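Quick note: the numbering used here has the sequence shown finishing at residue 677, numbered continuously throughout.
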Amino acid sequence: MYAVLGRRHGRVLHGDMNQGSASFFVTAVLPVVESFAFASEIRKQTSGLAVPQLVFSHWEVIDIDPFWSPRTEEEYLHYGEKADSENRARKYMDAVRRRKGLAVEEKLVEFAEKQRTLSKNK
556 MYAVLGRRHG RVLHGDMNQG SASFFVTAVL PVVESFAFAS EIRKQTSGLA VPQLVFSHWE
616 VIDIDPFWSP RTEEEYLHYG EKADSENRAR KYMDAVRRRK GLAVEEKLVE FAEKQRTLSK
676 NK
């Protein structure tokens, strides 16, 4: 259960054992955009033993710019040209745009090579 929360960028606030029973309650914070299909995944990972209850708690700003790309020489050396590390804010923004049917700036082919036939023509 903790692995599913961590994979979806969730934070566990606290976990309590219920007195007199075998149930364990975990309170966690999970981004809303990561909560889609969370219930089915957590049930699948725990073989149906975990029963999630999702309740909106608060708004929280992600302090990452979704349009950031490396511009200075130091940033190019540290991150590379494409900044291969995943920009979480950009990922969330693109997922919401895709779900709403809006345009997403995404390349279909990044590294295209010319296809060639290896057999000789007769």
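The beta-carbon is built from N, C-alpha and C at its ideal position, and this holds for glycine as well. Bear in mind the structure is a predicted one, so any value in this text is a computation, not a measurement.
*Is G565 helix, strand or coil by DSSP?*
Numbered from its first residue, the sequence shown carries residue 565 at position 10. It is coil, neither helix nor strand.
_Any non-hydrogen atom of the ligand GTP closer than 8 Å to L657 Cβ_ = The model depicted lacks the ligand GTP and carries no ligand whatsoever.
*asked:* Within a Cβ cutoff of 7 Å, which residues of the same chain sit near R645, ignoring the five residues on either side of it in sequence?
replied: Numbered from 1 along the sequence shown, position 90 holds the residue referred to as residue 645. So the list reads P621, once near-sequence residues are dropped.
*For A583, does the three-state DSSP call read helix, strand or coil?*
Stepping through the sequence shown from its first residue, residue 583 is reached at position 28. In this structure, A583 counts as strand in the three-state DSSP scheme.
_Short Cβ contact (9 Å threshold) for P607 with I597_ = Here residue 607 is taken as the residue at index 52 of the sequence shown, counted from 1. Here residue 597 is taken as the residue at index 42 of the sequence shown, counted from 1. Cβ atoms of P607 and I597: closer than 9 Å.
*Figure out for me which residue from R562, V584, R563 has the closest Cα to the Cα of G570.*
In the sequence shown, the residue the question calls residue 570 occupies position 15. For G570, the closest alpha carbon among the candidates R562, V584, R563 is that of V584.
*Under 6 Å Cβ to Cβ from R617, same chain only, skipping five residues before and after it: list those, please.*
Here the question's residue 617 lines up with position 62 in the sequence shown. This sequence places Ile at residue 617; Arg is not what is there. Answer for I617: A644, listed in chain order.
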